[in-house]
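Have a look at the structure below, then the notes.
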Amino acid sequence: MRRATAGRPPAFPVSRGNACPVLPVPSGYEPEDLSMTGPDPSNPHPMPGFPQVCYIRNTIRNPNIIVGEYTYYDDPENPEDFERNVLYHLPFIGDRLVIGRFCAIARGARFIMNGANHKMDGLSTYPFQIFGNGWEKVMPERSGLGSRGDTVIGNDVWIGYEALIMPGVKIGNGAIVAARSVVASDVPAYTLVGGNPARPIRQRFDPQKVARLEALAWWDWPVETITRHLELIVGADVDALATVAPEH
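Sequential numbering of the sequence shown, starting at 1, is according to UniProt numbering.
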């Protein structure tokens, strides 16, 4: 796995065991014009005339929410305030929401964090302790609240309208979450899930292709390389994409 870059969120765990072979560049392929630069990732609103689209890395202030470059949230109602969609994120718990690069997050998608958990091994789940006035004496140990750790969204993930991501879920690179799904368990890379609770609907690609895409990790390439080879990235030929991959 390549060395982490300062300021970039931790990469979603992938296997590099299936290195992609060096192949000849496809006949007839022409890379994009070198004068193309792509959008400025430091601009909160990269689409002129469409203020509802926001690169949220630029507007988040909570140090426990880590978002990669080019990840956007699309909402006509104040998309800059994406943090309002991260619920029960209590500082004393310390859990993090980590979202990779090039993710697309639709309006109303929400992330429930571990602060929502109640103690479940007693006769009552009611949180008496938070109201004080003598009730605080039954404050449970943090270990009894069932923390599932950080919530981690990979790279190039599409999260649909009003999807709900539950605490501690790990969503793999290239996954798709259907609108209004409730994601309560981990989602493998390049898997489409939907429903309540969300279940796999289909795998986007066969396991060999997924392994190669994870090894290529195009989302970590220099943006100049990404821009130059957009045609291959949005295409369906992983062999062709491998021909232009930078040296790891």
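Every residue gets a Cβ at the ideal spot worked out from N, C-alpha and C, and that includes glycine.
Inset, instruction - Please work out which residues of its chain come closer than 8 Å, Cβ to Cβ, to residue 245, disregarding the five sequence neighbours upstream and downstream, and give them in chain order. - result: 20, 216, 218 and 221
Inset, instruction - From the DSSP output, in three-state form, read off residue 221 for me. - result: coil
Inset, instruction - Using three-state DSSP, classify residue 57 as helix, strand or coil. - result: helix
Legend entry - Euclidean distance between Cα positions of residue 64 and residue 117: 18 Å
Inset, instruction - Find the nearest neighbour of residue 44 within the set 80, 195 and 223, judged by alpha-carbon distance. - result: 80
Inset, instruction - Give the secondary structure of residue 210 by DSSP, where H, G and I count as helix, E and B as strand, and everything else as coil. - result: helix
Legend entry - Given residue 198 as reference, the closest of 131, 179 and 55 once Cα atoms are compared: 179
Legend entry - With 16 other Cβ atoms within 10 Å as the buried cut-off, status of residue 22: Residue placement at residue 22 is poorly supported in this model, since its pLDDT is 41, which falls under 50; the coordinates still yield a value, given next. The residue in question, residue 22, is exposed, as its Cβ has fewer than 16 Cβ neighbours within 10 Å.
Legend entry - Where the beta strand (DSSP E) through residue 74 begins and ends: 72 to 74
Legend entry - Reduced DSSP secondary structure (H/G/I, E/B, other) of residue 203: strand
Inset, instruction - Assign residue 265 to buried or exposed, taking buried as 16 or more other Cβ atoms, counted over all protein chains shown, within 10 Å of its Cβ. - result: Because the chain is modelled from 1 through 248, residue 265 falls outside the range shown and cannot be assessed.
Inset, instruction - Can you have a look at residue 237 and say buried or exposed, based on whether 16 or more other CB atoms are within 10 angstroms of its CB? - result: exposed
Inset, instruction - Answer yes or no: does any C-beta atom of chain C fall closer than 8 Å to that of residue 44? - result: As a matter of chain content, chain C is missing from the structure shown, which is built from one protein chain.
Legend entry - CA-to-CA distance, residue 68 to residue 5, given in whole angstroms: Because residue 5 sits at a pLDDT of 40, beneath the cut-off of 50, its placement in the model cannot be relied upon, and the following sentence gives the value as read from the coordinates. So the alpha carbons of these two residues sit roughly 11 Å apart.
Legend entry - residue 137 (DSSP reduced to helix, strand or coil): helix
Inset, instruction - Could you work out which residue in 98, 127, 247 and 186 is closest to residue 225 when comparing CA atoms only? - result: 247
Inset, instruction - Please confirm whether any heavy atom of the ligand MN lies closer than 7 Å to the CB of residue 241. - result: With respect to small molecules bound, the structure shown includes none, and the ligand MN cannot be examined in it.
Inset, instruction - Take every Cβ of the segment 171 to 190, pair it with every Cβ of the segment 150 to 161, and state whether three or more of those distances are shorter than 8 Å. - result: yes
Inset, instruction - Check the DSSP bridge columns for residue 170 and list the partner residues they point to. - result: 152
Legend entry - Nearest residue (CA-CA) to residue 119, options 140, 66, 49 and 242: 140
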